[in-house]
Each structure stands twice: as structure tokens, then as C-alpha cells.
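Take a look at the structure set out below.
Numbering (the working numbering), first residue to last: 1035 to 1797.
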């Protein structure tokens, strides 16, 4: 605990006020009381009649006075310790060296003791300073200027902190300025009563010597005046006249002496009256000092009574704490009993848990059996859907377009006349647009010659006939501009998700998890199997790679870039299967792999950003990839069917791991896909097509992400991104209600994730 040093002498109320200031500020610190004895007491002795030199007093009297001063100092220091109360305090007495001033000794003590906080009374320097109080101030200024930088000094006067400034002014803690001369005039008289009386005592002694000399001179004069007139009888007249003249001269001299004596007596009376006045003034001063000591005694008695009351209060608090301690002990006993009961209940709960585990173990075979039935039913449903889709494609002819044909004006309005701001950077001649409040992708085709126009017509026909959940759907087309309108895939290509380090992958800080990669591989395999089963001849993709696979908002994979022709060569099917095998290796490793048939190499180079791969599933995927890349690969319907079956089996096992929460799911997109049905459409920004963080309401009545609509307006647009109508104004209003709903939805998702993680931890 840090110490606070308080430098105070035995100056009574001033010392108590200084100590009280320190206690109010640092009640939780230890107090070190620094005391310096009166150095002047070694040379002078204070008596009721004034200050006398020590040399004029006997040695026994000096020892007695020293003991008395020491006892008074110890009594005051004991009162200081008692005044601190519950705060830990101790006293350290300084040895005063005659050859070195007190202010220099204070600076040395700060350095030697390592004092970081020093509270000093302004009167602390007074006992060892010159008779004038300016010596105490100059000593205090010396300490302020020469103290070490690590020490923080607080100068206290009459219970208030003052700040000494180099311009000769003081500033109290209320910000008021005072000159040093005026401040000292109020605090200390120009000469103290004792010094004043010492000077008067010297004058009185001088007056006494003068009175004695005047008295001696008066006796001599009386002796001179004691001569009597004596004229002998036998003198003649002339002699008598001479005697009388001499007598007259003597009388005149006596008269002069008497006059001089009268003046001396007058001067003596005046000096005696002055001495009497000085003694009366001294008596009044002593009476005033006696009254002040009486007042101090009354105040000290009050402080003593207050201390006694504090002691009584402390005793009461001690009694209360003892009572609380007894209550705590009783509570501890109750808690011990409760703990014993809880332990017993825990043992019983563990027994019940063991029974539940046994029951669960008995139920596992039944659950596995039900899952097998579920898988069989799922396969039947997928088979029926696939069969219906294949039959639908087989029945379609070339003249039937079941999709909408857009006008050139609609396409231009949707893409803002094919603005570069709407160009999709990851694809060539592809633009993002909005038609009927739906975000779409517009793919432009070159129709410079008749063959190009025929290719465009073939692609439109092919996309209109091929419908599968994992093949990019066509919304419509525009014959005037030779463009096809597809559904918009918000997460770009699989190539961006696996290999891109730029902004083309919108969620680059959240790499695809292993479960999402297995699901994507199964979806691509399902789409490929669908194309290869089309009758009368299969449809060949011919260029299957990560850049030809798009991901929607929930990372559902969809193939695009069909060549637009049916294949009559089985070698083309082999190329698709080999491309799929290479794609699986890229999902496993996150690297550009070419024809590699070494399973061990793929396992050693698994992409660890996808999380901890289940080793059995990773090995199974690498086996599928190597079989697809094998030279012995056979291009027939059984090969594609077997490939789809193996991939569905791997996906099923991965889903079981996630469903049983045996492994944590790191992919936020996969988690989002599970609850996509719970996301309201109003939560998505019409421009960014992402859940909004800071929705703002525009003049068209739609809410947008603030960054998106602000960028729209700053680029010079004055129309609505949704309706293409002119906006009445460009002011944006925060949609607090929608923002609260979005935050509530996110909190529910977070809570569900935490609950799922805690369940996996308990399992």
C-alpha cells in the first residue's frame, strides 16, 4: 500500500487541519507523520516573561525545560496518531542539523526516503526560520522548486491547499489569487509577540540603567545643595559683601542644578510611564494568549469527545460485524448441509443418466433402421422427380418457348443501358439488373453472323427445356438484344469461393466448410447425372470447372455454361466425369489439381481452412475423384448412376454428422441455408441482395442499405432503383423498426447457435 507523508510540527490547530486534509483525500493509504523539532529552542528559552538566551539559564533548568518540551511534543504527536483513527499511521522524527537549513534537509529526505506524495503545512518551516514569517515562505518555495520530479507536493494553509507561483502570488484551491505579503500579513504578524517583548525587555533594562544613573546624579546634586550660608562675625563689610556675592553665585548655580534635576526627573517619569505601558501591553498579550490557549483546549476537548464517539461507533460496528460473522458461519453450515444433499441428488441423477444412456443405446438400432427407411424413401422421391423432369424434356419440341421474351427497353432499363457499374466482373458480357423487383443476370451474346444467331436460338431452346434445381435457370430472353436473362447468383462462382483473394468472393473471411463442399459436390454430381440421362441422347457440358459453377445466397451450387448440343459420342461423357473428378480434388485441397490419381497426396494436402475433415469421408471423396480420373473410366449409364449414388451416400453420412452435432459446423452459409425459409424478404437490400445492417427509407417507399442507396444517389441518379420513377426528394430516413426486426432475427440465430454448441459439448 502506498504511503502519504504529512510534514507537520507541533503548531496545534494548523497541524490538525493539515492532517485532516490528507485523511480526507487518502483514507485508504498509510500515513507517515514527518516531525521536525524546534531548532531555535537550543539557543533560547521561552519563559512567561519572554524569550531568554540559553546561556543565561542554569543547566538543570535547561534539562527540565527540554523534558517538558519533549513531553509536549510527544503528547501532540500522540494526538495526531489518535486523530488518524482507523487509518494506519506512524511518526518519523527528523534530526535537525544546525549547519544545514530545514528546507534543504526536507529535499534530502524526499530523495532518501523515496517520498512520492508529501503534504506539508505552511507553518512547518516557521520554527526553524528567521523571526519574520517570510523565512518560512522562502523555505517552502525552495522545497517546491528543488524537490525530485517523482514527488508530488501539497502545501496546506488553514485546511486549504495553496499553490506557490514564481510571480510572488499564491492561489488557493478555489482559484483565488493572493500576494505573499498580504497572505503573510493575515497568517503571521510582522514580528511575533515574543520577539516584540524581547525588544521591549532590552528597552526596559536600558531604562532601568538610565534611572539608576539619574538617581545617582540627583544624590550628587543634593550633596552639592547641602552647603549652608555661614558669615563670620569678625568679617568687615567688604569681606561680607564678597561672601554674599559668592553665596549668591552658588545659589544661582544651585538653581541651575535644580532646574536640570527637574528636567531629569521629568524625563525619568516619562520613561517610567513608557515602561509601565509596555508592561501593560505585555500583560494584555499574555491575557490574549491565555484566552487562545483556553479556546484551543475547548476545541481539543471537542475533538477528544468526537474521537470517543468514533470509538463508540467503531465498537458498535465491531459488534455488528461479529453478529454478521456468526450469521455467515451459520450460513456456511447450512450450505455444507445443502452441498451434502446436492451430492446425494447428483449421485441419484447419475444413476438415472446411466439408465437413460442404456435406454438410448437400446433405441439406437431402431433409429438406424428408421434412417434406412428414410433414405430409401428419399431415393424414391428423387428418382420420381428426376424421371418426371427427363420425361418433360423429352416431350418438348423446338418451337415451344415457355419463358417470357423481354423487350429491349425492359433490358436497358434493368441494366441502366448496360452501365459499367452493373457489369459482373467475374464474367464476360454479364450484367446485373432488376426486373419486377427481382435481381437477374443478363448474359449478352454475339450475333454478328447467321451462325451466331443460330447458336443463340439453340441456347435459348436448350435452357428453356432443361430444368433442374442445380442447373442455372433461365428467366427469359430478348431477341432484339440477343441476351438471355438468368436468375442472379449472389455469391459468385465456386472459383472465387475457393481461390480468389479479392472482393469477388463476398464472404472471403468465411471459407467454405467441409460439409458445404461435400454438399456442393453432390449437387454438381446430381446435375451432371441429370444431363447424362436425358433421352434420346445425353446433354454434355463439355467445360465443367469451378468458374462454371455458381453459388446462390445460401451456397447452393448451380451449373451454367451449357454448350447447347446433344452428344452422340460417349467420349464426351468421359470428359465430363473426369472434369468432375478434378473438381472434387479442388474441393478437397483448395488447389489447382490436374490429373492426379494418388489418394494419399490428396489426403496430405487437405484444405484446413474448411475445418477438421472427417477422415473417412475425405478418403471416400478422394477415392471417387481418382476413379473418375482413372483411364479405365467407362462412359455408360451405370457409371453415372454409380457416381451419383456414391456421392449421395457421402452426403448422407456428412448430414448425419451435422444432424447429430457430433462435429461443429463452421460454415455460416450452410447454417443460413437451413433457416433460409425464416428470413423475411424485407430484410434484404434491393441493391446488394444481402441482409441489411443499417436500413434507410427512401422517397419511393422502399428500404435500402444506407451505403447502397447513398452510392446510387451520389452517382447522379434521381430515380428509384425499384420503380425507375423520379424520386420526389433524396432525403433518407433511418428505418428503426426494420432494423430492430433484423437485429431480433440475428439474436435468435445466435442463441440457436449457442444452444447447438452447448448440446454438442454435453454430448
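By construction, the Cβ of each residue, glycine as well, lies at the ideal position given by its N, Cα and C atoms. Owing to the predicted nature of the structure, the values given are computational and were not obtained by experimental measurement.
Using the C-alpha atoms, what's the distance from residue 1641 back to residue 1391?
Position 357 of the chain shown holds residue 1391. Position 607 of the chain shown holds residue 1641. Whole-angstrom Cα-Cα distance: 36 Å.
Buried versus exposed call for residue 1504 [16 or more other C-beta atoms within 10 Å across all chains shown]
In the chain shown, the residue the question calls residue 1504 occupies position 470. Label assigned to residue 1504: buried.
Below 6 Å CB to CB, which residues in the same chain sit around residue 1438 once its five sequence neighbours on both sides are set aside?
To locate residue 1438, count along the chain shown from 1; it is residue 404. Here the set comprises 1510.
Alpha carbon to alpha carbon, how far is residue 1103 from residue 1155? Give it in angstroms, no decimals.
Taking the chain shown and counting its residues from 1, the one referred to as residue 1155 is at position 121. Taking the chain shown and counting its residues from 1, the one referred to as residue 1103 is at position 69. About 21 Å.
Residue 1520 by DSSP, collapsed to three states: which one?
Counting from one through the chain shown, the residue named residue 1520 turns up at place 486. Three-state result, residue 1520: strand.
Taking all protein chains shown into account, decide if residue 1499 is buried (16 or more other Cβ within 10 angstroms of its Cβ) or exposed.
Taking the chain shown and counting its residues from 1, the one referred to as residue 1499 is at position 465. When all chains shown are included, residue 1499 counts as buried.
Within its chain, find whatever has a CB closer than 7 Å to the CB of residue 1145; leave out the 5 residues flanking it on each side and keep chain order.
Locating residue 1145 in the chain shown gives position 111, counting from the first residue. Around residue 1145: 1182.
Given a cut-off of 8 Å, decide if residue 1733 and residue 1691 are closer than it, judged by their beta-carbon atoms.
For the purposes of this step, residue 1691 is identified with residue 657 of the chain shown, where counting begins at 1. For the purposes of this step, residue 1733 is identified with residue 699 of the chain shown, where counting begins at 1. Going by C-beta atoms, residue 1691 is not nearer than 8 Å to residue 1733.
Identify, in the order they occur along the chain, each residue of the same chain with its Cβ nearer than 6 Å to the Cβ of residue 1452, setting aside the five sequence neighbours on each side.
As a first step, residue 1452 must be located in the chain shown, where it is residue number 418. 1465, listed in sequence order.
Can you name the start and end residues of the alpha helix (DSSP H) that residue 1563 belongs to?
Walking along the chain shown from the start, residue 1563 turns up at place 529. For residue 1563, the enclosing alpha helix (DSSP H) covers residues 1548–1566.
Buried versus exposed, by CB contacts within 10 Å (16 or more), residue 1041:
Within the chain shown, numbered from 1, the residue matching residue 1041 stands at position 7. Of the other Cβ atoms in all chains shown, 16 or more fall within 10 Å of the Cβ of residue 1041; this residue is therefore buried.
In the DSSP assignment, find the alpha helix (DSSP H) that holds residue 1189 and state where it starts and stops.
Taking the first residue of the chain shown as position 1, residue 1189 is located at position 155. Taken as a continuous stretch (DSSP letters only), residue 1189 belongs to no alpha helix (DSSP H), being part of the beta strand (DSSP E) at 1186–1191.
Please look up how many angstroms separate the CB atoms of residue 1121 and residue 1065, rounded, as I've assumed it's under 8 Å.
Position 87 of the chain shown, counted from the first residue, corresponds to residue 1121. Position 31 of the chain shown, counted from the first residue, corresponds to residue 1065. That belief holds up - the Cβ atoms of residue 1121 and residue 1065 are roughly 6 Å apart, short of 8 Å.
Counted within 10 angstroms of its Cβ, other Cβ atoms place residue 1019 as buried (16 or more) or exposed
No statement about residue 1019 is possible, as the shown extent of the chain runs from 1035 to 1797 and does not include it.
Check whether the segment 1480–1490 and the segment 1541–1560 are in contact - that is, three or more C-beta pairs closer than 8 Å.
no
Inter-residue spacing [alpha-carbon to alpha-carbon] between residue 1330 and residue 1308:
Residue numbering aside, residue 1330 sits at position 296 when the chain shown is read from its first letter. Residue numbering aside, residue 1308 sits at position 274 when the chain shown is read from its first letter. Between residue 1330 and residue 1308, the alpha-carbon positions lie close to 33 Å from each other.
Taking contact to mean 3 or more Cβ pairs, one atom from each stretch, closer than 8 Å, check whether the segment 1049–1059 and the segment 1117–1131 are in contact.
The segment 1049–1059 and the segment 1117–1131 touch, with no fewer than 3 CB-CB distances between them shorter than 8 Å.
Are there any heavy atoms of the ligand PLP lying less than 7 Å away from the beta-carbon of residue 1346, as far as the coordinates show?
The ligand content of the structure shown is nil, which means the ligand PLP is not present either.
Give me the residue from 1293, 1644, 1445 and 1488 with the minimum Cα distance to residue 1802.
Residue 1802 lies beyond the residue range present for the chain, which begins at 1035 and ends at 1797; the question has no answer from this structure.
List in chain order: all unbroken alpha helix (DSSP H) runs of 4+ residues lying wholly within the segment 1092–1159.
Listed in chain order, the alpha helix (DSSP H) runs fully inside the segment 1092–1159 are 1093–1117 and 1136–1147, counting runs of at least 4 residues.
Residues bridged to residue 1583 [DSSP beta-bridge criterion]
Translated into positions along the chain shown, residue 1583 becomes position 549. Looking at the DSSP assignment, residue 1583 forms a beta bridge with 1593.
Within 10 angstroms of the Cβ of residue 1374, are there 16 or more other Cβ atoms? Answer buried if so, exposed if not.
Residue numbering aside, residue 1374 sits at position 340 when the chain shown is read from its first letter. With a 10 Å radius around the Cβ and a threshold of 16 neighbouring Cβ atoms, residue 1374 comes out exposed.
Per-residue burial, residue 1649 [other beta carbons within 10 Å of its own, 16 or more giving buried]
Position 615 of the chain shown, counting from 1, holds the residue named residue 1649. Exposed: under 16 other Cβ atoms inside 10 Å.
Cut-off 7 Å between Cβ atoms - residues of its own chain near residue 1689, not counting five sequence neighbours on either side
Counting from one through the chain shown, the residue named residue 1689 turns up at place 655. If we look at residue 1689 and ignore the five residues flanking it on each side, it has no Cβ neighbours.
Endpoints, the beta strand (DSSP E) within which residue 1811 is located:
This structure does not reach residue 1811, given that the chain is present from 1035 up to 1797, and the question cannot be answered.
How would you write the range of the beta strand (DSSP E) that residue 1194 sits in, first residue to last?
Mapped onto the chain shown, residue 1194 falls at position 160. Boundaries of the beta strand (DSSP E) harbouring residue 1194: 1194–1198, taken from the DSSP string.
By how many angstroms is the C-alpha of residue 1382 removed from the C-alpha of residue 1388?
Counting from 1 along the chain shown, the entry for residue 1388 is found at position 354. Counting from 1 along the chain shown, the entry for residue 1382 is found at position 348. Separation of residue 1388 and residue 1382 (C-alpha to C-alpha, rounded to the nearest whole angstrom) is 10 Å.
Applying the 10 Å Cβ sphere with the 16-neighbour rule, what's the burial state of residue 1569?
For the purposes of this step, residue 1569 is taken as the residue at position 535 of the chain shown. So residue 1569 counts as exposed.
Assumed close pair residue 1177, residue 1141 - CB separation to whole angstroms, cut-off 8 Å:
Position 143 of the chain shown, counting from 1, holds the residue named residue 1177. Position 107 of the chain shown, counting from 1, holds the residue named residue 1141. The beta carbons of residue 1177 and residue 1141 sit about 6 Å from each other, so the pair counts as a contact at 8 Å.
For the candidate residues 1047, 1676 and 1779, whose alpha-carbon lies nearest to that of residue 1337?
Within the chain shown, the letter at position 303 stands for residue 1337. Checking every option, the nearest Cα to that of residue 1337 belongs to 1047.
Given a threshold of 16 other Cβ atoms within 10 Å of its Cβ, counted over all protein chains shown, does residue 1275 qualify as buried or as exposed?
The count along the chain shown starts at 1 and reaches residue 1275 at position 241. Under this definition residue 1275 is an exposed residue.
Counting C-beta neighbours from all protein chains within 10 Å, is the total for residue 1623 16 or more, i.e. buried, or is it exposed?
Here residue 1623 is taken as the residue at index 589 of the chain shown, counted from 1. Buried: at least 16 other Cβ atoms inside 10 Å.
Residues sharing a beta bridge with residue 1753, DSSP:
As a working mapping, residue 1753 is identified with position 719 in the chain shown. Beta bridge pairing from DSSP links residue 1753 with 1760.
Just to confirm my understanding: we take residue 1556, look at its own chain, exclude 5 residues before and 5 after, and list those with CB closer than 8 Å. What are they?
Indexing the chain shown from 1 puts residue 1556 at position 522. 1681, 1682, 1684 and 1685.
Just how far apart, CA to CA, sit residue 1572 and residue 1600?
On the chain shown, residue 1572 is found 538 positions in, with the first residue counted as 1. On the chain shown, residue 1600 is found 566 positions in, with the first residue counted as 1. Going from the Cα of residue 1572 to the Cα of residue 1600 covers about 6 Å.
Would you check if the distance between the CB atom of residue 1653 and the CB atom of residue 1637 is smaller than 8 Å?
Mapped onto the chain shown, residue 1653 falls at position 619. Mapped onto the chain shown, residue 1637 falls at position 603. Between residue 1653 and residue 1637, the gap from beta carbon to beta carbon is short of 8 Å.
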